[in-house]
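Worksheet: the structure to be examined is printed underneath.
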Amino acid sequence: IGGRLALHGDEPKPWTLVWVPFGGEVRLTARFDPSRLAWHDPRTGEQLPAENLGPSDRRIRVHAPDDLDWVLCLDA
Numbered sequence: 046i047g048g049r050l051a052l053h054g055d056e057p058k059p060w061t062l063v064w065v066p067f068g069g070e071v072r073l074t075a076r077f078d079p080s081r082l083a084w085h086d087p088r089t090g091e092q093l094p095a096e097n098l099g100p101s102d103r104r105i106r107v108h109a110p111d112d113l114d115w116v117l118c119l120d121a
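Residue numbers (my numbering): 46 to 121.
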């Protein structure tokens, strides 16, 4: 699998999950709370903060911690 999978929901508040199978960079345009941007390690269940390298809170650009699979979690 070389692609990515993104899921979005609005209940009880907006959230987005982006799965990346081989690490790398994720770019999104979305409203979110920067303090609620995190990487989830599906192998261990650990969560790590994700630093937004984008130009604003609506333009997200983050890099996965390594080249393994990760889930980017965004909460509004």
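Glycine included, every Cβ here is placed at the ideal spot set by N, Cα and C.
When DSSP labels each residue in this structure, what does residue i get in the three-state scheme?
{"i": "Pro94", "result": "strand"}
{"i": "Ile46", "result": "Interpretation of Ile46 is limited by its pLDDT of 40, a score under 50 that renders its predicted location unreliable; no figure is taken from the coordinates."}
{"i": "Pro79", "result": "helix"}
{"i": "Arg88", "result": "coil"}
{"i": "Asp120", "result": "strand"}
Could you tell me the alpha carbon to alpha carbon distance between residue i and residue j, rounded to whole angstroms?
{"i": "Leu52", "j": "Leu119", "result": "10 Å"}
{"i": "Val107", "j": "Glu56", "result": "25 Å"}
{"i": "Asp86", "j": "Arg49", "result": "15 Å"}
{"i": "Phe67", "j": "Leu117", "result": "13 Å"}
Can you check whether the CB of residue j is closer than 8 Å to the CB of residue i?
{"i": "Trp60", "j": "Trp84", "result": "no"}
{"i": "Gly69", "j": "Ala109", "result": "yes"}
{"i": "Arg72", "j": "Ile105", "result": "yes"}
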